[in-house]
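Enquirer: Here it is, the structure, as structure tokens.
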Amino acid sequence: MLKEIVRGLSTTFRQIFEKPVTIQYPEVKRPVRPRFKGRHILKRYDNGLEKCIGCSLCAAACPADAIFVEAAENTDELRYSPGERYASTYEINLLRCIFCGYCEDACPTEAIILGDNYELSFTDRRSAIYTKEMLIEPVKPGGKPTPQKVEPGKFTRSIPDMQDPQD
Amino acid sequence: MAQLISLMIDDKPVKVPEGTLIVNAAKKVGIDIPVFCYHPKMEPVGMCRMCLVEIGRPQIDRETRKPVLDEQGNPVIQFGPKLETACTTPVSEGMVVMGMSDKVKKGRQDILEFLLTSHPLDCPICDKGGECPLQNLTMEHGPGVSRFLYDEKMHLAKHYPLGDLILLDRERCIQCGRCVRFQDEIVGEPVIGFEQRGRSLQIETFSDPGFDSYYSGNTTDICPVGALTTTDFRFGARPWELKPVASVCSQCPVGCNITYNIRREARAGGRYVIKRVLPRQHEEVNEIWICDKARFAGYQYAESPERLTRPMLRRNGELVESSWDEALQVVAERFKAATGGLVTYAGGRLSNEDLFNLKQLTEGLKGQAILKSSIGGGVLVAQMGVAKGTDLGKLGAGDAILVIASDLQEEAPIWWLRVKQAADRGATLIVVNPRQTRLDRFATHTLRYDYGSETATVLAMINALESKKTRLPDWLAKYRPNRFQTAAAKAFAGAKNGIILFGQEGMDLPRSQELALACANLLFLTDHLGSPNNGLIGVWESANTQGAWDMGFRPSTELKEMFSSARAVYVVAADPAGDDPSLADALEQSEFVVVQELFLTSTARLADVVLPVTAQPEREGTYTTGERRVQRFFPAIPAPGGVIPDYEIAARIGERSGLKMENRAASLVFAQLAARVSDYEGLSYRSLAETHEQWPIIGRDDLYYGGTAYENTQGLGVQLMPSSQKRKIFQVNWQEPPVRVSGKGLLGVPITRLYDRGATVTPSRSLASRVPGPFILVNETTAQKLDMHNDAPVQLMLAGSAYSAMLRVDTAVPESVVLVPRSLGIPLSELQPVDIRVAETTPA
Amino acid sequence: MSTFLLLRHREIPNLDQLDVYRQHGGFEAFQKAITTLQPKEVTDEVKASGLRGRGGAGFPTGMKWSFIDNNNWPHYVVANADESEPGTFKDREIMEGNPYQFLEGVMICAYAVQAQSAYIYLRGEFWQLAAELDKRIQALEAAGLLGDNILGTNFSLRLYTHLGAGAYICGEETALLESLEGKLGQPRLRPPFPPSYGLYGKPTIVNNVETLTNVPLIVARGAKWYKTMGTERSPGTKIFSLCGQVNKPGNYELPLGTTFRELIFTHGGGLKDGRKVKAIMPAGASSSIIVATEEALDTPMDYENTQKVGSVLGSASVIVIDDSVSMEWVINKTLHFFKHESCGKCTPCREGTYWMMHISDRISRGQANEEDLETLNDVALNIQGKCLCALGEFSTMAVVTGIERFKSDFELRLAQNANPESPETVLAAVD
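The following block contains the structure:
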């Protein structure tokens with residue numbers, strides 16, 4: 109009987125020297141896997157123009173009806189996106205969203221992607237509605253913020269040649 | 021009755037009348053043959069080649085002229101070597117149509133592949149996406165990939181404006197020609213057309229301003245791609261995000277059935293907003309067409325930030341906001357005190373329920389119910405109006421339509437369209453007008469008269485008939501007809517059915533009453549009363565003027581006297597002070613003025629109490645069209661907080677004055693109305709909401725067939741019976757028109773234009789550039805005599821006051837006549853001498 | 009006996025003057041017709057002669073005249089002088105050299121179908137010809153051969169010329185009528201055909217210039233005489249517009265049934281630089297291309313026998329191509345032509361000709377592969393059988409027969425590198 113107790117306790121003692129698998133979140137954060145579906149980001153092109161053209165295909169694809177889009181017309185004085193159309197209102201209700209990624213699949217310009225941010229919490233329903241200002245990514249270096257004033261006739265095509273998707 | 025032909029389509033037996041096209045025959049049994057260029061309302065052209073099917077016909081023996089039979093005794097079917105278009109081929113006995121064979125499927129796929137070669141990849145940014153026939157048919161019949169190289173695609177103008185209302189995207193256009201053919205065939209105004217040829221074939225507009233037609237918006241409904249889109253709905257919303265609500269246009273007496281598309285808008289703070297107006301199919305009223313005023317102006321006034329939302333009381337000379345309780349109490353007390361001296365002045369914009377309650381209130385307080393209308397004759401229309409079952413779309417060869425004193429396209433555009441199409445089908449069109457209008461081209465007889473002699477013309481025509489049907493008064497003999505009037509009168513008498521439309525051209529109240537009477541007598545003498553497609557139609561100024569007549573309102577020629585001597589004036593949906601400064605003075609003299617309105621009009625500014633109301637798109641109600649059809653409209657958007665519908669305000673005032681009135685719901689008011697107004701007996705909201713299947717079938721899943729007009733599932737309304745049909749009462753009164761001395765010099769004549777500065781039109785954003793400032797029309801000789809030129813700023817002298825206007829030269833205007841459009845700021849309401857002076861250069 | 013029926017001005021100088029023409033029997037047939045014959049008799053005579061339309065379709069002329077609807081009036085006659093088929097220049101020579109015989113043909117036709125107005129629709133580029141014809145019409149009016157109650161009969165007739173504006177499609181009869189009415193030159197739906205519903209909706213006979221030029225001789229000398237020339241089913245003579253790489257290109261009037269060999273070598277003087285015939289396009293750009301085998305060269309040129317070598321006679325604008333030319337280059341030319349001339353009304357022709365031209369240009373530039381050639385053939389086959397009018401259908405004939413019968417030319421081109429001298433740099437300036 110003592111032999112069994114010692115064997116059990118030795119297993120327990122050996123655990124003291126095992127490396128813990130606990131990750132000390134929030135001081136240490138485990139990197140997310142590729143293709144992780146976190147909070148949405150509205151992407152920009154390198155020159156700063158928004159990729160989103162306000163087509164509402166993401167809203168149509170969304171199974172939870174979480175996205176609300178209103179479109180408006182670009183002018184060359186105030187240009188938000190290439191082409192004729194941009195999203196003047198873009199809201200996602202993150203309480204409705206099920207993070208399925210259908211919006212990302214539906215987007216014809218690769219504007220909306222599900223990024224890596226999973227640290228979302230709200231204290232009331234209203235603050236769960238993320239607007240375009242909260243979702244759009246910051247301007248990359250070398251680009252200008254929108255709205256931009258551009259030469260007429262330069263950005264006439266709304267939908268670019270698509271590359272293979274990357275994470 | 022046309023002979024019935026039997027044929028087989030995709031193994032389904034079909035029996036249709038002779039002359040039916042295969043496309044339509046297939047629709048009758050639920051088979052959809054895809055089309056782009058064909059439209060059921062237009063002649064087929066066979067251009068797009070999408071409807072290609074295999075057609076087999078029974079082989080006929082040359083000698084015996086009978087079908088050749090095979091061993092089983094069935095006719096041998098010979099299929100043509102090539103595919104044939106189903107939209108151009110009429111059915112024939114024993115035909116076999118294959119729409120599902122491999123050859124046909126490959127044909128459809130090839131045509132779609134061709135169409136998609138240069139069609140741009142615009143679906144995400146195109147307004148038509150979601151309701152696009154090209155999208156739908158590509159999904160169903162098209163190829164999955166394209167073999168065409170992007171670099172070889174033709175690049176053409178995108179968002180090219182055809183005028184201010186319509187945008188053309190030439191890359192998306194698939195050259196189906198529906199828009200061009202609509203303007204040419206149906207409207208008769210080919211202001212757009214094709215230019216260049218081959219792949220470069222594109223739409224261009226030939227008018228200045230571009231696409232100058234009141235029906236331009238309809239092309240965006242029938243365009244099968246997103247080439248033609250409206251500017252007011254550009255990037256507005258996706259079709260699947262919109263909710264449809266049925267309604268009736270509130271602008272003119274045609275009563276076109278429309279659908280409001282609504283959506284919650286972030287820009288409007290999350291409220292439901294009307295995004296656009298589309299037609300609703302009603303074959304007996306407007307088919308699937310609406311005019312541009314309905315499409316672009318019919319609702320935008322409701323969203324104007326100028327809307328009144330709080331009741332106001334005048335304290336110390338200023339209008340201050342107050343509460344409903346307080347305002348209604350003040351009104352009720354003053355009205356009660358004014359018993360016997362109340363004048364209710366109501367406009368035709370109100371619904372039947374509002375007018376009924378207002379009449380109850382007015383009667384209960386022994387007041388007078390006055391209708392705002394420049395033209396009279398509504399009671400005659402109730403008696404001698406068009407009979408139940410009338411449908412302008414059924415008139416054709418053998419029928420006659422007489423249009424008198426009306427510039428019909430400006431006053432009621434969709435009636436103009438229907439009358440024009442009736443003339444195209446062979447109806448005898450008699451246009452009687454002092455000047456040339458856009459209806460003359462289609463007229464069989466055109467009669468001219470001097471302004472003021474319209475009744476004399478009709479009396480002359482009556483004289484020409486030499487009818488023995490009733491004893492004609494002796495004084496009639498002095499109205500001797502000329503040969504044109506005689507010919508026209510005989511043509512009208514000889515027709516199987518006859519309708520007379522009398523309008524607003526140079527009309528005022530007394531003259532129009534005389535004219536209506538004379539027209540009614542003409543209808544009586546020619547036996548054109550009491551049966552469908554016969555009778556009198558008044559082209560009123562507002563949507564529900566006929567309803568106002570029916571509810572008991574009558575116009576008056578003594579407004580000034582009435583207003584100044586009234587103890588209380590209750591102005592509802594009218595702006596007398598804004599129409600005429602002398603009425604403003606008269607109102608100032610009355611003791612108490614209450615204005616119930618949408619906006620702070622000139623009348624509201626001098627009122628003692630101002631009550632804000634709910635607009636038509638925000639509530640329920642009914643309108644009665646000029647053809648006496650009662651139609652329901654439904655609420656589309658929520659009203660701004662604080663407003664109350666007119667019928668409820670009237671009822672609550674009534675209750676506080678000791679009358680018992682219905683104020684809870686429009687349907688309940690209507691139930692009372694139906695019980696008390698004899699012509700409306702038996703009607704209810706339920707009966708007004710009944711529908712039946714209409715042909716052609718438009719508005720279901722196959723929107724490539726008919727366009728984006730909506731199917732009518734919410735009610736076709738009910739047409740009332742005039743007394744001439746119900747009780748066969750044909751009272752013929754004769755009234756000799758008084759002799760009016762015409763002066764020398766210039767005669768000012770009031771006319772109507774479609775785009776005016778009415779309260780519900782000026783807030784429209786889309787039509788802003790087309791709504792003109794005040795202008796007057798003269799012909800070149802008159803302009804020369806005045807030593808003035810086109811587009812000169814002038815002063816019109818009228819009854820001692822000067823009004824600024826632009827002078828325009830128009831060859832159609834008779835000599836020494838000045839045409840003054842109504843509702844532009846110049847208060848000319850009857851034929852009057854005027855003078856024109858050069859505008860002073862000092863700024864006002 | 010003259011060797012020419014139509015190109016008589018080659019034997020008789022100054023035949024384009026009215027008095028000279030009358031000296032040589034001019035307007036005797038017309039006089040005979042309106043004074044001694046009934047309209048129906050004239051039609052029957054033309055029917056009996058077996059004359060077939062010379063504009064390309066080869067429809068029996070007399071039969072067309074007999075289809076005219078006698079319940080709908082007035083009638084019109086329209087002479088189709090919109091000679092736009094590449095390689096066709098016969099009508100021009102007739103109207104320049106022997107105009108009065110042509111006009112007489114129009115007038116006899118008008119009498120036969122009882123029309124009081126006849127129109128001559130000329131292509132826009134023939135403005136000088138039109139001016140000349142106007143003068144000749146005036147001369148006829150002055151001579152009392154046109155106008156009211158001609159030669160004391162109760163037949164009245166007026167002739168008018170009308171210029172097109174540079175569209176090949178307006179040679180198609182219904183597109184011609186649309187253009188004549190002042191509308192966009194696009195073909196109409198058929199049925200109904202012009203003899204029932206033509207100009208302004210009235211019964212109209214539309215005939216080619218050469219066809220009508222035959223008519224006075226048939227009326228003068230009789231149908232039986234006419235049938236002694238040519239073949240049984242294609243009687244009479246035809247003007248062959250021989251062009252291409254021959255030594256003596258030009259118009260040659262020969263009896264129908266003459267072989268290609270005779271036309272090219274005996275009359276046309278053979279090929280330049282002694283080269284060999286590679287291909288023949290008997291109907292201009294709309295041809296199905298004939299491979300010039302010995303058998304093909306010995307084929308008689310008439311409406312039946314050309315079908316045996318997989319082609320159609322058409323308007324007989326015989327283009328001869330020698331073995332120094334790549335058929336791929338020829339087809340590129342025809343495709344540019346059809347893309348430019350497509351009216352745009354129906355989808356397959358409008359989009360298809362544009363597409364085919366672009367693929368062909370890429371092949372010319374050496375930027376295409378085998379798959380593109382497949383696509384070109386497939387697109388052409390997809391267009392066939394679906395078009396509204398013959399332009400679309402015939403635009404594919406050269407492509408399909410060219411790829412089928414001269415595949416090696418295409419493959420050679422595909423294998424070559426990009427060539428800076430390639431034809432489409434020249435054509436780019438044109439388009």
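Residue numbers (my numbering), protein chains in the order written: chain A, 109 to 275; chain B, 21 to 864; chain C, 9 to 439.
Even for Gly, the Cβ is constructed at its ideal location relative to N, Cα and C.
Since we're looking at a predicted model, the values are computed, not measured.
1) In terms of residues, what are the limits of the alpha helix (DSSP H) holding residue 286 of chain B?
2) Which value, in whole angstroms, describes the spacing of the CA atoms of residue 179 of chain C and residue 219 of chain C?
3) Could you spell out where the alpha helix (DSSP H) holding residue 127 of chain B opens and where it closes?
4) Measuring straight from C-alpha to C-alpha, what distance separates residue 428 of chain C and residue 361 of chain C?
5) Closest Cβ-Cβ distance between residue 158 of chain B and chain C: below 8 Å?
6) Nearest-angstrom Cα distance between residue 270 of chain C and residue 340 of chain C?
7) Quick check on the burial criterion: 16 or more other C-beta atoms within 10 angstroms. Buried or exposed for residue 421 of chain C?
8) Which same chain residues end up closer than 6 Å to residue 612 of chain B when comparing Cβ atoms and leaving out the 5 residues on each side of it in sequence?
9) What do you get for residue 314 of chain C, buried or exposed, if any count of 16 or more other CB atoms within 10 angstroms of its CB means buried?
10) Who are the near neighbours of residue 54 of chain B in its chain, counting only those whose CB is closer than 7 Å to its CB and skipping five residues on each side?
11) Quick one: is residue 117 of chain A buried, meaning 16 or more other Cβ sit within 10 Å of its Cβ, or exposed?
12) Count the other CB atoms within 10 Å of the CB of residue 404 of chain B; is the residue buried (16 or more) or exposed (fewer)?
13) Just to confirm, are residue 610 of chain B and residue 586 of chain B a CB contact at a threshold of 8 Å?
14) Going along the chain, which unbroken runs of the alpha helix (DSSP H) with 4 or more residues stay wholly within the segment 152-237 of chain B?
15) Express the C-alpha separation of residue 306 of chain C and residue 64 of chain B in angstroms, rounding to a whole number.
16) For residue 248 of chain B, name the three-state secondary structure that DSSP assigns.
17) Strictly by DSSP, which residues pair up with residue 517 of chain B?
18) Output the boundary residues of the alpha helix (DSSP H) element that contains residue 260 of chain C.
19) In terms of alpha-carbon separation, which member of B/624, B/369 and B/151 lies closest to residue 247 of chain B?
20) Note the first and the last residue of the continuous alpha helix (DSSP H) segment covering residue 881 of chain B.
21) Count the other CB atoms within 10 Å of the CB of residue 245 of chain C; is the residue buried (16 or more) or exposed (fewer)?
22) Is residue 169 of chain A close to chain B, meaning its C-beta is less than 8 Å from at least one C-beta of that chain?
23) Since I believe residue 730 of chain B is in contact with residue 719 of chain B (beta carbons under 8 Å), could you give me their beta-carbon distance rounded to a whole number of angstroms?
24) Are there 16 or more other CB atoms within 10 angstroms of the CB of residue 96 of chain C, so buried, or fewer, so exposed?
25) List the residues of chain B that residue 355 of chain C touches, going by C-beta distances under 7 Å, in chain order.
26) Answer yes if the segment 563-580 of chain B comes into contact with the segment 267-275 of chain B, meaning at least three C-beta pairs across the two stretches below 8 Å, and no otherwise.
27) Anything in the segment 106-136 of chain C with a Cβ closer than 7 Å to a Cβ of chain B? List those residues in chain order, please.
28) Determine which residues share a DSSP beta bridge with residue 827 of chain B and list them.
29) Tell me whether the beta-carbon of residue 227 of chain C lies closer than 8 Å to the beta-carbon of residue 37 of chain C.
30) If you draw a straight line from the alpha carbon of residue 728 of chain B to that of residue 59 of chain B, how long is it in whole angstroms?
31) Can you name, in chain order, every residue of its own chain whose Cβ lies under 8 Å from the Cβ of residue 100 of chain C, other than the five neighbours on each side?
32) So does the segment 249-263 of chain A actually touch the segment 172-181 of chain B, counting three or more Cβ pairs closer than 8 Å?
33) Nearest to residue 155 of chain B by alpha carbon, out of B/135, B/171 and B/168?
34) Given a threshold of 16 other Cβ atoms within 10 Å of its Cβ, counted over all protein chains shown, does residue 658 of chain B qualify as buried or as exposed?
35) For residue 285 of chain B, return the contacting residues in chain A, with the cut-off set at a CB-CB distance below 8 Å.
36) I'd like the list of long-range same chain contacts for residue 61 of chain C, defined as Cβ closer than 8 Å, with 5 residues on each side in sequence excluded.
Expert: Judging by the given coordinates:
1) For this step, residue 286 of chain B is matched to residue 266 along the second sequence. Here residue 286 of chain B belongs to no alpha helix (DSSP H), and DSSP marks it neither H nor E.
2) The residue labelled residue 179 of chain C in the question sits at position 171 within the third sequence. The residue labelled residue 219 of chain C in the question sits at position 211 within the third sequence. Going from the Cα of residue 179 of chain C to the Cα of residue 219 of chain C covers about 14 Å.
3) Numbered from its first residue, the second sequence carries residue 127 of chain B at position 107. Counting along the chain, the alpha helix (DSSP H) containing residue 127 of chain B begins and ends at 122-138.
4) As a first step, residue 428 of chain C must be located in the third sequence, where it is residue number 420. As a first step, residue 361 of chain C must be located in the third sequence, where it is residue number 353. Confidence at residue 428 of chain C is low in this model, with a pLDDT of 49, below 50, so its placement is unreliable and the value that follows should be read with caution. C-alpha separation (whole angstroms): 24 Å.
5) Counting from 1 along the second sequence, the entry for residue 158 of chain B is found at position 138. Chain C, which has no Cβ nearer than 8 Å to the Cβ of residue 158 of chain B, makes this no.
6) What you label residue 270 of chain C is simply residue 262 of the third sequence in a count that begins at 1. What you label residue 340 of chain C is simply residue 332 of the third sequence in a count that begins at 1. Going by the C-alpha atoms only, they are around 29 Å apart.
7) Mapped onto the third sequence, residue 421 of chain C falls at position 413. Buried is the call here.
8) Here residue 612 of chain B refers to the residue found at position 592 when the second sequence is read from its first residue. The residues are 354, 588 and 628.
9) Position 306 of the third sequence, counted from the first residue, corresponds to residue 314 of chain C. When all chains shown are included, residue 314 of chain C counts as buried.
10) To locate residue 54 of chain B, count along the second sequence from 1; it is residue 34. Cβ neighbours of residue 54 of chain B beyond the five flanking positions: 70, 71, 128, 157, 161 and 724.
11) Within the first sequence, numbered from 1, the residue matching residue 117 of chain A stands at position 9. Residue 117 of chain A should be labelled exposed.
12) For the purposes of this step, residue 404 of chain B is taken as residue 384 along the second sequence, with counting starting at 1. With 16 or more other Cβ atoms within 10 Å, it is buried.
13) Walking along the second sequence from the start, residue 610 of chain B turns up at place 590. Walking along the second sequence from the start, residue 586 of chain B turns up at place 566. Against a cut-off of 8 Å, the Cβ pair of residue 586 of chain B and residue 610 of chain B comes out as a contact.
14) 153-161 and 198-201
15) Mapped onto the second sequence, residue 64 of chain B falls at position 44. Mapped onto the third sequence, residue 306 of chain C falls at position 298. Taking the straight line from one Cα to the other gives about 48 Å.
16) In the second sequence, counting from the first residue as 1, residue 248 of chain B sits at position 228. Residue 248 of chain B falls in the strand class under three-state DSSP.
17) As a working note, residue 517 of chain B is residue 497 in the second sequence. BP columns for residue 517 of chain B point to B/419.
18) Taking the third sequence and counting its residues from 1, one reaches residue 260 of chain C at position 252. Not the alpha helix (DSSP H): residue 260 of chain C falls in the beta strand (DSSP E), residues 258-263.
19) The residue labelled residue 247 of chain B in the question sits at position 227 within the second sequence. For the residues B/624, B/369 and B/151, the minimum Cα distance to residue 247 of chain B belongs to B/151.
20) Absent from the model: residue 881 of chain B. The displayed extent of chain B is 21 to 864, so no value can be given.
21) As a first step, residue 245 of chain C must be located in the third sequence, where it is residue number 237. Buried.
22) As a position in the first sequence, residue 169 of chain A is number 61, starting the count at 1. Closer than 8 Å: no.
23) Translated into the one-based positions of the second sequence, residue 719 of chain B becomes position 699. Translated into the one-based positions of the second sequence, residue 730 of chain B becomes position 710. Rounded, the Cβ-Cβ distance is 5 Å, consistent with contact.
24) On the third sequence, residue 96 of chain C is found 88 positions in, with the first residue counted as 1. Buried: at least 16 other Cβ atoms inside 10 Å.
25) For the purposes of this step, residue 355 of chain C is taken as residue 347 along the third sequence, with counting starting at 1. In chain order: 68, 69, 131, 134 and 135.
26) yes
27) none
28) The count along the second sequence starts at 1 and reaches residue 827 of chain B at position 807. Residue 827 of chain B is bridged to B/796 and B/812.
29) In the third sequence, counting from the first residue as 1, residue 227 of chain C sits at position 219. In the third sequence, counting from the first residue as 1, residue 37 of chain C sits at position 29. It is a contact, given that the beta carbons lie within the stated cut-off.
30) Position 708 of the second sequence holds residue 728 of chain B. Position 39 of the second sequence holds residue 59 of chain B. Taking the straight line from one Cα to the other gives about 12 Å.
31) Here residue 100 of chain C is taken as the residue at index 92 of the third sequence, counted from 1. Within the same chain, residue 100 of chain C has close Cβ partners 91, 134 and 137.
32) no
33) Within the second sequence, the letter at position 135 stands for residue 155 of chain B. The candidate whose alpha carbon is nearest that of residue 155 of chain B is B/135.
34) Against the second sequence, residue 658 of chain B aligns to sequence position 638. By the 10 Å Cβ count, residue 658 of chain B comes out exposed.
35) Sequence index remark: in the second sequence, residue 285 of chain B carries index 265 (1-based). What residue 285 of chain B touches in chain A: 178.
36) Residue 61 of chain C sits at position 53 when you count from the first residue of the third sequence. Result list for residue 61 of chain C: 67, 68, 69, 72, 215, 216 and 219, in chain order.
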